[in-house]
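> In short: position in the sequence shown from 1, add 15, done, that's the working numbering. All C-beta atoms in this analysis are idealised placements derived from N, C-alpha and C, irrespective of residue type, glycine included. These numbers were taken from a predicted model, which means no experiment stands behind them.
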Amino acid sequence: MLIKEYRIVNPYSQSEYKIGQLYSTAMASKEQTGGGEGVEILKNEPYEKENGEKGQYTYKVFHLASKVPSYVRAVIPASALEIYEEAWNAYPYCKTVLTNGYMKESFSITYETLHVDNSRGELENAHNISSQDLAKREVIHIDISNDPIDASAYKPEEDPKYIHSFKAERGPLVKDWKQTCEPVMTCYKLVYIEFKWFGLQTRVESYIAGAIRGMLLKFHRQMFCWMDKWFGMTMQDIRELEKEIKEELDIKRYEAVDGSSSSGKTEGDLSSSKPSSSSLASTT
16 MLIKEYRIVN PYSQSEYKIG QLYSTAMASK EQTGGGEGVE ILKNEPYEKE
66 NGEKGQYTYK VFHLASKVPS YVRAVIPASA LEIYEEAWNA YPYCKTVLTN
116 GYMKESFSIT YETLHVDNSR GELENAHNIS SQDLAKREVI HIDISNDPID
166 ASAYKPEEDP KYIHSFKAER GPLVKDWKQT CEPVMTCYKL VYIEFKWFGL
216 QTRVESYIAG AIRGMLLKFH RQMFCWMDKW FGMTMQDIRE LEKEIKEELD
266 IKRYEAVDGS SSSGKTEGDL SSSKPSSSSL ASTT
């Protein structure tokens, strides 16, 4: 098992980040979906636990055939290329669990995320984890403006070094922005990665950790560059947008290249699979 803690400093208040995160998650789901692959949202509803914790519960299925490494696709059936996600968003704390019906207990990715106001990534144990886990944990700092991004994924309109938000009057994010921006908050994302498969475990767990870093970097760059689209939205606006996006995704995912349906799966078919999972890089 690998334990990683990704720390992402952002030029927002904690409350602003909540809106931007939800907006950008909806838009990213739309971007990733089509031709039989992408995100399927089965549940998005309020929850309350016995301990009094309240928030929003989501259950999603990620159809990932083309995103899985070829050496993994070669040894597992096509039906196994689905990731199930359960997420409990009790902002500013969020928990997300990813699993796979084929690998069962041999695969899981668990995220615990704290969104801390007025923090620049300096908290050394924000999650209060044990000394044993601290010894295994690797901290990875992500700079949404200055960290390199894969050339194939680069878009100038999604580069915070060149984007100014007129609504929020923020940006561009220059070299030392993490030390000077106001407001500021940090997303502390603690991730437990487990992939038990003899001969593949180390390779796949390392691949997943790298993929998570890349997706978190891309997501938070997009979130900043889309600020003029979400800044000023209310939670009611977000819930209405999520409803619209779900309807679009249900249509878009089943569209094949020729416009015909690529699958006959229904929610009933999928709900028989073991729930509890998410896309590799949880944005909650």
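Does the region 190–201 come within contact of the region 120–139, defined as at least 3 CB pairs closer than 8 Å?
Yes, the region 190–201 touches the region 120–139.
> Which of the three DSSP states is assigned to D132 in this structure?
Along the sequence shown, one-based indexing puts residue 132 at 117. D132: strand per DSSP, three-state reduction.
> Is it true that the CB of P61 sits closer than 8 Å to the CB of Q71?
In the sequence shown, residue 71 corresponds to position 56, counting from 1. In the sequence shown, residue 61 corresponds to position 46, counting from 1. For Q71 and P61, yes; Cβs fall inside 8 Å.
> Residues in the same chain with beta-carbon distance under 7 Å from M248, minus the five sequence neighbours each way, listed in chain order, please.
Locating residue 248 in the sequence shown gives position 233, counting from the first residue. Answer for M248: I34, Y38, listed in chain order.
> Measuring alpha carbon to alpha carbon, tell me which residue in G229, E173, E255 is nearest D243.
Within the sequence shown, numbered from 1, the residue matching residue 243 stands at position 228. D243 has its Cα closest to that of E173, out of G229, E173, E255.
> G186: buried (16+ other C-beta within 10 angstroms of its C-beta) or exposed?
Here residue 186 refers to the residue found at position 171 of the sequence shown. Buried is the call here.
> Can you tell me the Cβ-Cβ gap for F303 and E97, rounded? I've got them flagged as a contact below 8 Å.
Nothing can be reported for residue 303, as the shown portion of the chain is limited to 16 through 299.
> For S145, does the count of other Cβ atoms within 10 angstroms reach 16, so buried, or fall short, so exposed?
Start at 1 with the first residue of the sequence shown, and residue 145 comes out as number 130. By the neighbour-count rule (16 or more Cβ atoms within 10 Å), S145 is not buried but exposed.
> Among Y86, V90, Y74, which has the Cα closest to the Cα of T111?
Taking the first residue of the sequence shown as position 1, residue 111 is located at position 96. For the residues Y86, V90, Y74, the minimum Cα distance to T111 belongs to Y74.
> Do H130 and Y222 have their C-beta atoms closer together than 8 Å?
Taking the sequence shown and counting its residues from 1, the one referred to as residue 130 is at position 115. Taking the sequence shown and counting its residues from 1, the one referred to as residue 222 is at position 207. Cβ atoms of H130 and Y222: not closer than 8 Å.
> How many angstroms separate the CA atom of Y117 from the CA atom of Y126?
Within the sequence shown, residue 117 is the residue found at index 102, counting from 1. Within the sequence shown, residue 126 is the residue found at index 111, counting from 1. If you take the alpha carbons of Y117 and Y126, they lie about 21 Å apart.
> Looking only at its own chain, which residues have a Cβ that is under 6 Å from the Cβ of Q216, when we skip the five neighbours before and after it?
Along the sequence shown, read from residue 1 onward, the residue named residue 216 stands at position 201. Once the five neighbours on either side are set aside, the close Cβ partners of Q216 are F210.
> Judging by CA-CA distance, which residue of E262, E257, I253, K182 is the nearest neighbour of F239?
On the sequence shown, position 224 is the one that residue 239 refers to. If we check each option's Cα against that of F239, K182 comes out closest.
> Which two residues bound the contiguous beta strand (DSSP E) that contains I223?
Position 208 of the sequence shown, counting from 1, holds the residue named residue 223. Here I223 belongs to no beta strand (DSSP E); instead the alpha helix (DSSP H) covers 216–240.
> Note down the Cα distance separating E68 from R236, rounded to an integer number of angstroms.
Residue mapping note: residue 68 aligns to position 53 of the sequence shown, counting from 1. Residue mapping note: residue 236 aligns to position 221 of the sequence shown, counting from 1. So the two alpha carbons sit approximately 30 Å from each other.
> Which partner residues does R22 have in the DSSP bridge list?
As a first step, residue 22 must be located in the sequence shown, where it is residue number 7. Answer by DSSP bridge pairing, in chain order: H156, Y203.
> Return helix, strand or coil for V87, following the three-state DSSP convention.
To locate residue 87, count along the sequence shown from 1; it is residue 72. Helix at V87.
> Using only CA atoms, which one of D162, E55, C196 lies nearest to L264?
Position 249 of the sequence shown, counted from the start, is the residue given in the question as residue 264. L264 has its Cα closest to that of E55, out of D162, E55, C196.
> Is the CB-CB distance between T128 and T299 below 8 Å?
Taking the sequence shown and counting its residues from 1, the one referred to as residue 128 is at position 113. Taking the sequence shown and counting its residues from 1, the one referred to as residue 299 is at position 284. Yes, Cβ-Cβ distance for T128 and T299 is below 8 Å.
> Suppose you measure from the CA of E153 to the CA of R254; what does that come to, to the nearest Å?
Here residue 153 is taken as the residue at index 138 of the sequence shown, counted from 1. Here residue 254 is taken as the residue at index 239 of the sequence shown, counted from 1. Distance between the alpha carbons of E153 and R254: 35 Å.
> Should V189 go down as buried or exposed, given a rule of 16 or more other Cβ atoms within 10 Å for buried?
Locating residue 189 in the sequence shown gives position 174, where the first residue counts as 1. Per the 10 Å Cβ criterion, exposed.
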